[in-house]
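What follows is a single structure, written as structure tokens, with notes after it.
There are 2 protein chains.
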Amino acid sequence: MNTEHPPDAEYMQLALNEAAKGLGRTSPNPPVGCVIVRDGEIASEIVGRGFHPKAGEPHAEVFALREAGERARGATAYVTLEPCSHDGRTPPCADALIAAGVARVVVAAGDPNPQVNGRGLEKLRAAGIEVATGVLEAAAVRQQAGFRSLVTRGRPHVIYKYAMTLDGKVAALNEGNGPVSGPEARARVMAWRNEVDAVAVGARTALLDNPQLNVRGLDGGRDPRAVLFDPEGHLPASARAVREGTVLVLREGRSTPLERDPRVTVLHAHSLQGALEQLAGLGVATLLLEGGPTLASAFFEAGLIDELRVFVAPKLLGAGLSPLLAPVRSMHAATELAVERVEVVGNDVLVIGGLSV
Amino acid sequence: MNTEHPPDAEYMQLALNEAAKGLGRTSPNPPVGCVIVRDGEIASEIVGRGFHPKAGEPHAEVFALREAGERARGATAYVTLEPCSHDGRTPPCADALIAAGVARVVVAAGDPNPQVNGRGLEKLRAAGIEVATGVLEAAAVRQQAGFRSLVTRGRPHVIYKYAMTLDGKVAALNEGNGPVSGPEARARVMAWRNEVDAVAVGARTALLDNPQLNVRGLDGGRDPRAVLFDPEGHLPASARAVREGTVLVLREGRSTPLERDPRVTVLHAHSLQGALEQLAGLGVATLLLEGGPTLASAFFEAGLIDELRVFVAPKLLGAGLSPLLAPVRSMHAATELAVERVEVVGNDVLVIGGLSV
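As given, the protein sequences belong to chains V and Y, one line each in that order. Number 154 in UniProt numbering belongs to position 154 of the first sequence; there are no gaps in the numbering. Number 204 in UniProt numbering belongs to position 204 of the second sequence; there are no gaps in the numbering.
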């Protein structure tokens, strides 16, 4: 008889799926998932699952251990991030796993937080628990990109998302602008907005397109923070992205009537880097930059774009606006992407990749 | 016992593969392939294959029938284009199929040539042969696009090929230009050059990049005609694309020292449409346009681009030159592509599609 014990990677994928349920809700904490598996004679059995739903609430391990109860004894715990070893708002998860009698802990990625950074794993090993690490590490690091950016760089992970025609245009020159990509691509953008902490646009895009920057048509979706980069304070109080939690980024010394809106948090920044650091202070770990090209080019020139998500629509515009306008340099000096995914979404082609900046 | 008779589409694909061996060699004739299949008790057997190698040489059916010999009697012939019914440089293929005693003829696409246009099929049916049509018709029509364009429009099928960065740039502004796409993409371009009748660039690209427009690194490859659109006659005699068969397209009334090169054919044209008609007269059925943006935009504005083959390279340039610079219009009025293929080629993404112009 074949006994069926799926490899560690399969269970870790389930743990990553658990973690994903918390995306956009956990900052400044990381999204974490946990699955507890008990080996049986014939097949393994999942006895507990959990994810971290929100900062201040219990960690993923706690939910999974609660569900497993006594069945956690001798079982394997799959966790997407190294269990914490320090007392935070909740007791250390490493201690909880030890107390529950777990025999083996499989971890996707270490915790870069200086308060953890290997100590969680040491604590588990010291208690006689078998520890394996690095299972689906790249996927976990990617899922935790916002948290890791906050911890290691003090600024959010910045994703520039745009849709362009096959001749490289994001908008017409004459402001006669319909959507570039199809409905499937726009649905995907809604899913992304639901998973990030904040969505940003520049003043020109906010004025011309007046986007809501919210989540529509998604069950259980929640709106991210809207961030408006409006250095000169040109935006009117009627901007549709103004709602509870909206952030307005002004140049130092500027003011605007929007400041008086009690729902709006105003940041004064001397640079994009400074603005990102202030956003980090508000708990923004992931920022989805939705344009326009002027703002995105400033981010790009400052080396502040970490990831691209680009829809290429099968249409030709002719003249039009490019997704990036600067800097001027030679093709040899172009910034390379590490492509993570190429996918056909409706009629459009989606390319996702990371920038090593 | 299972008898194995693959469906018609599988044999037609083999016939298309045969036809492809003639691509770039047959103009003004079409590339055509033929496979002759004899049903056996257990399995079918391919008893003959052939393709049209070159104008003036026998048609695909003739080679396949020769190979099949007596085994053609009662067999099925798969032909990618309706067999001809008229005496051309060779006797009609419909007559040859009838004489060989073929029982069934499967055809991918009808012949739009007014001298055929259904008469080949009629002739076969009148002789008591079972005829099926439309098998892999779209693929066949695509493979015969050049021939069909010549016959129905009197001009070549025009393909615009370019490689752009993920921010939509085909070249740097400062003329510091390395290659945009990777070696796998460039190898694919060599294969395309081998399959088309001619490759064209504008004067600016010919001056700046001085491309050879030939086929390199491909076993059995042959160079297409090089076509240089140089309306004002700026190109020097040292241009690397000048070789036997090179075509120089000048504005009417212009002259250039290059005209004295005995290898060069000079066309004087008052419009791109007129130039294409003259190229058709030279037997150019398929034209691969390799840039630059100024020439391609003129073709695009004139509605003379039929197909796009675009490599999107995973890199960001910043400022740069767009693949198309005109016309100015709104996004709603963008020209839609019918996407035929999306493929990852090396590190690049290839998108191929047709324009309904």
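Don't be surprised by glycine CBs; every beta carbon is placed ideally from N, CA and C. The structure presented is a predicted model; accordingly, all values stated were derived computationally and were not measured.
Take residue 173(V), set aside five residues on each side of it, and the residues of its chain with a beta-carbon closer than 8 Å to its own are 319, 320 and 321, in chain order. Relative to residue 193(Y), the option among 16(Y), 25(Y), 19(Y) and 116(Y) whose CA is nearest is 25(Y). Among the CB atoms of chain Y, one or more fall inside 9 Å of the CB of residue 327(V). Setting aside the 5 residues that flank it on each side, residue 135(Y) is surrounded in the same chain by 8, 9, 12, 78, 106, 107 and 108, each with a C-beta closer than 8 Å to its C-beta; the list follows chain order. Chain Y has no Cβ within less than 9 Å of the Cβ of residue 356(V). When 275(Y), 315(Y), 310(Y) and 350(Y) are compared, the shortest CA-CA separation from residue 154(Y) is found for 275(Y). For residue 315(Y), the C-beta contacts it makes with chain V under 7 Å involve 334, 335, 336 and 337, in order along the chain. Collapsing the DSSP output to three states places residue 111(V) in coil. Burial of residue 206(V) is indicated by the presence of at least 16 other C-beta atoms within 10 angstroms of its C-beta. Minimum Cα-Cα distance from residue 64(V) among the listed residues 102(V), 39(V), 56(V) and 89(V) corresponds to 102(V). Counting only residues of its own chain and dropping the five nearest sequence neighbours on each side, residue 307(Y) has a CB closer than 6 Å to the CB of 159 and 354. When C-beta atoms of the region 25-43 of chain V are compared with those of the region 266-285 of chain V, three or more pairs fall below 8 Å, so the two segments count as touching. Among the CB atoms of chain V, none fall inside 9 Å of the CB of residue 299(Y). Given a length threshold of 3 residues, each whole run of the beta strand (DSSP E) inside the UniProt domain "CMP/dCMP-type deaminase" (6-132) of chain Y is given here in chain order: 33-39, 44-51, 76-81 and 104-109. The distance from the Cβ of residue 197(Y) to that of residue 324(V) is about 37 Å, inconsistent with a contact at the 8 Å cut-off.
Taking 7 Å as the cut-off between beta carbons, none of the residues of the region 130-148 of chain Y comes near chain V. Secondary structure at residue 151(V): helix, using DSSP grouped into helix, strand and coil. In this structure, the straight-line span from the alpha carbon of residue 139(Y) to that of residue 278(Y) is close to 28 Å.
Apart from the 5 residues on each side of it in sequence, residue 342(V) sits with its Cβ closer than 6 Å to the Cβ of 351 in its chain, given in chain order.
In the three-state scheme derived from DSSP, where H, G and I count as helix and E and B as strand, residue 343(Y) is classed as strand. For residue 179(V), the nearest CB of chain Y lies under 9 Å from its own CB, placing it at the interface with that chain. Contact between residue 48(Y) and residue 68(Y) holds, with the beta-carbon distance rounding to 3 Å and staying under 8 Å. Residue 174(V) reaches chain Y at 328, 329 and 330, counting residues in chain order whose Cβ is nearer than 8 Å. Identification of chain V residues near residue 185(Y) by a Cβ-Cβ cut-off of 8 Å yields none; the smallest Cβ-Cβ distance measures about 14 Å. Three or more Cβ pairs closer than 8 Å define a contact, and the region 233-247 of chain V meets that threshold against the region 208-216 of chain V. Nearest CB-CB separation between residue 322(V) and chain Y: below the 9 Å threshold.
Flagged as an interface residue toward chain V: residue 342(Y), by a C-beta distance shorter than 9 Å. Contact annotation: residue 96(V) and residue 39(V) have beta-carbon atoms that are not nearer than 9 Å. Between residue 161(Y) and chain V, the shortest Cβ-Cβ separation is not below 9 Å.
Per DSSP, reduced to three states, the secondary structure at residue 256(Y) is coil, with no helix or strand assignment. Under the criterion of beta carbons closer than 8 Å, residue 171(V) and residue 190(Y) do not qualify as touching, at roughly 36 Å. Runs of the beta strand (DSSP E) lying entirely within the region 190-220 of chain V and spanning at least 3 residues, in chain order: 198-202. For residue 335(Y), same chain residues with a beta-carbon under 7 Å away, outside a window of 5 residues either side, are 355 in chain order.
Residue 305(Y) is classed as buried because its beta carbon has at least 16 other beta carbons within 10 Å across all chains shown. In this chain, the beta strand (DSSP E) harbouring residue 266(V) covers 265-269. At a beta-carbon threshold of 9 Å, the residues of chain V lying near residue 169(Y) are 168, 322, 324, 331 and 334, ordered along the chain.
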